[in-house]
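Okay, structure first, notes after.
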Amino acid sequence: MSFPSGGEGEDLDWFATAALFGDAAAFILRQVTDERAKRVVAAGAVSGYVFIGDLPEPDQTNVLTALRDEFPDHVDSVIYPPDVTSRMDDTEIFVARAKSLARMASRSIALREASGALPEGKG
Numbered sequence: 006m007s008f009p010s011g012g013e014g015e016d017l018d019w020f021a022t023a024a025l026f027g028d029a030a031a032f033i034l035r036q037v038t039d040e041r042a043k044r045v046v047a048a049g050a051v052s053g054y055v056f057i058g059d060l061p062e063p064d065q066t067n068v069l070t071a072l073r074d075e076f077p078d079h080v081d082s083v084i085y086p087p088d089v090t091s092r093m094d095d096t097e098i099f100v101a102r103a104k105s106l107a108r109m110a111s112r113s114i115a116l117r118e119a120s121g122a123l124p125e126g127k128g
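Numbering (this note's numbering), first residue to last: 6 to 128.
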């Protein structure tokens, strides 16, 4: 996943295993309303790279905000629910990696606000 930072050529990148990446891409796809952008995200999910900074507004802001605000709960309830984590070794490593996507989205929003790329109060 590539997140916009507000500066030219200063994207933030998040990497994950194919399964976690697929779950995250599916979550992102559900936040996108623009039909062309949906096709681009779906194609990116297949190729293994999604450029959130290429999404049109308001989808870009909506995706970043959903990742920041809703994705941690999604991780706990859908990706790594208790019945799954109870059978895993080193669960905290996998959960932390998944939730780091929310922290990166939060950082992206803050950097975009600081650079003026995102109007204050949005996100």
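C-beta: ideal position from N, C-alpha, C; glycine also.
Start and end of the alpha helix (DSSP H) containing F32?
23 to 36
Could you spell out the range, first to last residue, of the alpha helix (DSSP H) harbouring S52?
Element bounds for S52: 40 to 52.
Based on Cα-Cα distance, which residue from A48, G53, L60, D28 lies nearest to D39?
L60
Which term fits P86, buried or exposed, when burial requires 16 or more other beta carbons within 10 angstroms of its beta carbon?
exposed
Skipping 5 residues on each side, what residues in its chain have a beta carbon closer than 7 Å to that of A29?
M6, A21, L106
On the DSSP letters alone, give me the boundaries of the alpha helix (DSSP H) that P77 sits inside.
76 to 79
Please look up how many angstroms separate the CB atoms of L25 and R92, rounded, as I've assumed it's under 8 Å.
Not a contact, Cβ separation roughly 17 Å.
Going straight from the alpha carbon of L72 to that of I33, what length do you get?
Distance from the CA atom of L72 to the CA atom of I33, rounded to whole angstroms, is 8 Å.
Quick check: the Cα distance between V68 and I98, rounded to an integer number of angstroms?
24 Å
Endpoints, the alpha helix (DSSP H) within which M93 is located
Taken as a continuous stretch (DSSP letters only), M93 belongs to no alpha helix (DSSP H), as it is neither H nor E.
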